[in-house]
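In the working numbering, the protein residues as written are 455 to 637. C-beta: ideal position from N, C-alpha, C; glycine also. Since we're looking at a predicted model, the values are computed, not measured. Working notes, structure below.
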């Protein structure tokens, strides 16, 4: 968890805010053990920090999830009141390309005005190693998917279940005739 938080901060500036990162590193520097209880201690300090900052951060529950896929093309990976959002969409009629959007959002303090989001420069993404790693993986996977020997694969079975369901539903929608049309 500590390594993941560091990677997401250093490698994407997402899923963890600067103030949460500072809390984590402060706990470690003060000698809080990096054991199985560290996540509980960190979450308690994050909730306290959110209250001090007037950020309406709900406490996690047993049903809280850090990952969600929203049909048809959005994925949310969340932690500590912030979220990394991915969206892919077609790039014209090119089946070998897509437009890949990437957002990092957080819950603002109550009453704080936030500026309208702006698109980051390419240089920003070039230094985000998590984004570059994902991009490189996608490019290599696409080459492999086109080989004659490819049958199927599972890279992250716990997440890919929703992707499989997405493709089944998409196939169903594409097979249905438009409303009012004859078969």
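From the DSSP secondary-structure annotation, give me the bridge partner or partners of residue i.
i	result
residue 560	536
residue 529	523 and 540
Apply the 10 Å Cβ neighbour rule to residue i and answer buried if 16 or more other Cβ atoms are within range, or exposed otherwise.
i	result
residue 518	exposed
residue 489	exposed
residue 626	exposed
residue 612	exposed
residue 603	exposed
residue 564	exposed
residue 628	exposed
residue 619	exposed
residue 533	buried
Straight-line CA distance for residue i to residue j?
i	j	result
residue 576	residue 520	27 Å
residue 480	residue 597	44 Å
residue 542	residue 484	42 Å
residue 549	residue 571	29 Å
residue 580	residue 587	10 Å
residue 590	residue 566	37 Å
residue 475	residue 486	15 Å
residue 491	residue 595	37 Å
residue 600	residue 593	12 Å
residue 557	residue 630	33 Å
residue 507	residue 624	43 Å
residue 585	residue 635	43 Å
Can you give the beta carbon distance from residue i to residue j, rounded, assuming they're within the 8 Å contact cut?
i	j	result
residue 539	residue 530	5 Å
residue 477	residue 493	Not a contact, Cβ separation roughly 12 Å.
residue 470	residue 462	5 Å
residue 509	residue 553	Incorrect: roughly 31 Å between the Cβ atoms, too far for contact.
residue 496	residue 535	Not really, about 13 Å apart at Cβ, beyond 8 Å.
Review point. Could you give the uninterrupted runs of the alpha helix (DSSP H) lying entirely in the region 468 to 525, keeping only those of 4 residues or more?
Key: The region 468 to 525 contains these whole alpha helix (DSSP H) runs: 472 to 483 and 492 to 506.
Point to revise | Residue ranges of each alpha helix (DSSP H) within the region 540 to 596, 4 or longer | key: Runs of the alpha helix (DSSP H) inside the region 540 to 596: 576 to 580.
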